[in-house]
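Going by my numbering, the sequence shown opens with residue 58, and the numbers climb by one from there. For reference, the structure discussed in these notes is given below.
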Amino acid sequence: MLGYSKAAVSRQIAKLEQSIGVRLLDRTTRSVTLTPAGREMYARCARIVEEVNDANQVMTGMLSAARRAQGQRSGGILAVRSHHDPAALPPDLS
């Protein structure tokens with residue numbers, strides 16, 4: 058998943074759950090599903106990623122306009138990959 062092993066992702070989620078004191082995933086031997094708190098956390102984080110991407114587009118546009126005015130090449134400012142498309146999640150997490 059996104060270049061990380063399942064074990065690495067599981068450890069990070071377990072650390073997050075311990076840190077916030079809330080279980081985000083229900084784990085069984087056969088499946089992993091989001092808890093209501095997990096769905097809420099996911100939705101909020103997805104909005105944050107979307108806001109960062111929107112801000113990046115605005116800043117890139119402003120930088121491009123400034124560079125065009127100065128005759129320079131345009132470039133990006135900040136890259137955040139958004140993977141919050143529920144279709145991209147494994148079936149038992151969507």
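Glycine is no exception: its CB is placed at the ideal position from the N, C-alpha and C atoms.
| Query | Result |
| --- | --- |
| Complete beta strand (DSSP E) runs within the stretch 63 to 95 (minimum length 3 residues, chain order) | 82 to 84 and 89 to 91 |
| Span separating the alpha-carbon of S187 from that of A112 | It is not possible to answer for residue 187, since the shown part of the chain is limited to 58 through 151. |
| Residues near A71 in its chain [Cβ-Cβ closer than 8 angstroms; skip 5 each side] | none |
| G52 (DSSP reduced to helix, strand or coil) | In the structure displayed, the chain extends from 58 to 151; residue 52 sits before or after that span and is not available. |
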